[in-house]
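In order, the protein sequences belong to chains A and B. Numbering-wise, the working numbering puts 5 at position 5 of the first sequence, and it's gapless, one number per residue. The number in the working numbering is simply the position in the second sequence, starting from 1, with 206 added. Even glycine gets a Cβ: it sits at the ideal position worked out from N, Cα and C.
Protein chains: 2
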Amino acid sequence: MSAEELTAPRLTRKGRATRDRIVAAASELMFLRGVAGTTTDDVQRAAGVSTSQIYHYFSDKTALVRAVIAHQTQEVLDAQQPHLGRLDTLEALRAWRDLLVDLQRQRQCEGGCPIGSMASELSETCPEARTDLAEGFGRWEAGIRDGLRAMHDRGDLRRDVDPDRLALATLAALQGGLLLTKVRRDTAPLEAALDASLDHIASLTT
Amino acid sequence: MSAEELTAPRLTRKGRATRDRIVAAASELMFLRGVAGTTTDDVQRAAGVSTSQIYHYFSDKTALVRAVIAHQTQEVLDAQQPHLGRLDTLEALRAWRDLLVDLQRQRQCEGGCPIGSMASELSETCPEARTDLAEGFGRWEAGIRDGLRAMHDRGDLRRDVDPDRLALATLAALQGGLLLTKVRRDTAPLEAALDASLDHIASLTT
DNA sequence: TCAGTTCTGGAGCTGACACTCCAATCGCGC
DNA sequence: GCGCGATTGGAGTGTCAGCTCCAGAACTGA
């Protein structure tokens, strides 16, 4: 049961648009200031809606947060297209790396990863959010895994390598790199983390 | 100028003990529920002190948070002794890895890294906290770097390897592994991340 | 057109939070 | 001991958070 299905019994076109506007505004604010640092009042103003509208579309703040998680997960995955899912060569992996680094540079290294930040903030205080975020990471991981599996199947990766484990490690390196990049306001950690990961993968090719 | 020096003009032995009790209680609570999720009231109760005592020792919540950061940084580094600073062989690195994984297992994979969690929560909202945390990560990174530099100097690592960059990548992998482990409630991500890092280092030995 | 539902505006409630204030007590240094 | 600053207790304050409520406007489907 997704967060989506928990809210919104029936929406007109206009209602859908309002709901989307709320989610978009909340996503932006929560990315910039964190979930706890974003009030429903802030969201109201940013989305240009009244108090009751937020509670018309979402049962409470938790429901809104879950909608934001769903939205941000999709945004993050979309931003990595068409790379994600086709990471089955070293060149594709390098291009993906460059995209991720560029994205952080464009953002002045602020905010880090929307999913990672929410995961860190909510995992211990909101079980529903934790599982939503775990699923989000799962989709991301799958996007990496597919490519590495293809390389493995094709024989480009050594037989004794576990591509699934390698994909998980790569996602972890990426997340850690994003965190350190956000704290240091410098892409060096992200670059070092991804380069080390990709060098490692390269060293496992046949 | 450290957070320490900003508070506490002159403390008696008793005052010192009270202050420490407040910081310890706040650290525990903020680790479990996050900074925003911890109220000064919670800290009061847990430390067994009155309202005025908190504001006697800390000018405001931010000052308390900075003291917590200093405390947690020290705790995290201490918990890795005597490994940290002596990570100059593959065996030492593997033993360190086992320690980190065991620690998460003991905690049922809850809470993740105190420094990483605070960094994620505070980087965008509290500049002083961000720099404190960046320094904390700097000390941690240095502990890893020293070992890899020793291996490099000794000729155990290939000449063309940059041990500083490798140390940064290793810390990133560790942080990402801790984050995913916290979200999934499973040590597999941490193990995969650290094993990949150490395998990579091993592949760079002469 | 009209009934029924969805959508919107905004006043207002309740609890909680960070923080203040002042008086009382403790204990260190002389 | 004695004085004075360090320490403590706890009531109180202002603000703001999340959320409720209700009346009216807008829209949909028949």
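Could you spell out where the alpha helix (DSSP H) holding residue i opens and where it closes?
i: ASP368 (chain B); result: Element bounds for ASP368 (chain B): n/a, residue is neither H nor E.
i: PHE31 (chain A); result: 13-33
i: GLU297 (chain B); result: 296-312
i: PRO114 (chain A); result: 114-122
i: ALA253 (chain B); result: 246-253
i: GLN278 (chain B); result: 267-285
i: THR257 (chain B); result: 257-263
Quickly, what does DSSP pair residue i with across the bridge? List them, please.
i: THR205 (chain A); result: A:LEU157
To the nearest angstrom, report how far apart residue i and residue j are at their CA atoms.
i: GLN53 (chain A); j: GLY112 (chain A); result: 30 angstroms
i: THR18 (chain A); j: ALA25 (chain A); result: 11 angstroms
i: ARG149 (chain A); j: VAL49 (chain A); result: 47 angstroms
i: ASP164 (chain A); j: LEU84 (chain A); result: 15 angstroms
i: GLY361 (chain B); j: THR170 (chain A); result: 28 angstroms
i: GLY242 (chain A); j: SER265 (chain B); result: Absent from the model: residue 242 (chain A). The displayed extent of chain A is 1 to 206, so no value can be given.
i: LEU12 (chain A); j: ALA202 (chain A); result: The sequence shown places Thr at residue 12 (chain A), rather than the Leu named in the question. About 52 angstroms.
i: ARG86 (chain A); j: ALA79 (chain A); result: 14 angstroms
i: HIS277 (chain B); j: GLY34 (chain A); result: 24 angstroms
i: LEU306 (chain B); j: ARG300 (chain B); result: 10 angstroms
i: TRP96 (chain A); j: ARG184 (chain A); result: 22 angstroms
i: ALA242 (chain B); j: CYS332 (chain B); result: 12 angstroms
i: LEU178 (chain A); j: THR387 (chain B); result: 16 angstroms
i: THR295 (chain B); j: MET357 (chain B); result: 7 angstroms
i: GLU250 (chain B); j: LEU235 (chain B); result: Before going further, note that residue 250 (chain B) is Gln rather than Glu in the sequence given. So the alpha carbons of these two residues sit roughly 11 angstroms apart.
i: GLN74 (chain A); j: SER326 (chain B); result: 21 angstroms
i: LEU238 (chain B); j: ASP102 (chain A); result: 34 angstroms
i: PRO288 (chain B); j: LEU404 (chain B); result: 19 angstroms
i: ASP42 (chain A); j: ALA340 (chain B); result: 29 angstroms
i: VAL23 (chain A); j: ALA402 (chain B); result: 38 angstroms
i: GLY116 (chain A); j: GLY322 (chain B); result: 11 angstroms
i: ASP153 (chain A); j: ASP359 (chain B); result: 39 angstroms
Please classify residue i as buried or exposed, where buried requires at least 16 neighbouring CB atoms within 10 angstroms.
i: ALA192 (chain A); result: buried
i: GLY136 (chain A); result: buried
i: GLN104 (chain A); result: buried
i: ALA173 (chain A); result: buried
i: PRO320 (chain B); result: buried
i: THR245 (chain B); result: exposed
i: PRO395 (chain B); result: buried
i: THR187 (chain A); result: buried
i: ARG107 (chain A); result: exposed
i: ARG16 (chain A); result: exposed
i: LEU194 (chain A); result: buried
i: ARG10 (chain A); result: exposed
i: ASP304 (chain B); result: exposed
i: ASP132 (chain A); result: buried
Here's a check: name, in chain order, each residue in its chain whose Cβ is nearer than 7 angstroms to the Cβ of residue i, leaving out the five neighbours to either side.
i: LEU372 (chain B); result: LEU354 and ILE407
i: HIS262 (chain B); result: none
i: SER27 (chain A); result: VAL68, HIS71 and GLN72
i: THR51 (chain A); result: GLN44
i: LYS14 (chain A); result: none
i: GLU141 (chain A); result: ALA167, LEU168 and LEU171
Suppose the cutoff is 8 angstroms on Cβ atoms and the five residues either side in sequence are ignored; what does the same chain contact list for residue i look like?
i: LEU410 (chain B); result: LEU363, ARG364, VAL367 and LEU372
i: ALA335 (chain B); result: THR268, VAL271, ARG272, ILE275, MET324, LEU328 and SER329
i: GLY143 (chain A); result: LEU77, GLN80, LEU84, GLY85 and LEU87
i: ARG21 (chain A); result: ALA47, GLY48 and VAL49
i: THR206 (chain A); result: GLY155, ASP156, LEU157 and ARG158
i: ARG139 (chain A); result: THR73 and LEU77
i: CYS315 (chain B); result: THR387, LYS388, ARG390, ARG391, ASP392 and THR393
i: ALA298 (chain B); result: HIS289, ARG292 and GLY353
Grab me the residues of residue i's own chain with a C-beta within less than 6 angstroms of its C-beta, minus the 5 sequence neighbours each way, in chain order.
i: ARG145 (chain A); result: ASP164 and ALA167
i: SER208 (chain B); result: Note that SER208 (chain B) scores 40 on pLDDT, short of 50, meaning its location in the model is unreliable; the coordinates nonetheless yield the value given after this. Same-chain partners within the cutoff: there are none.
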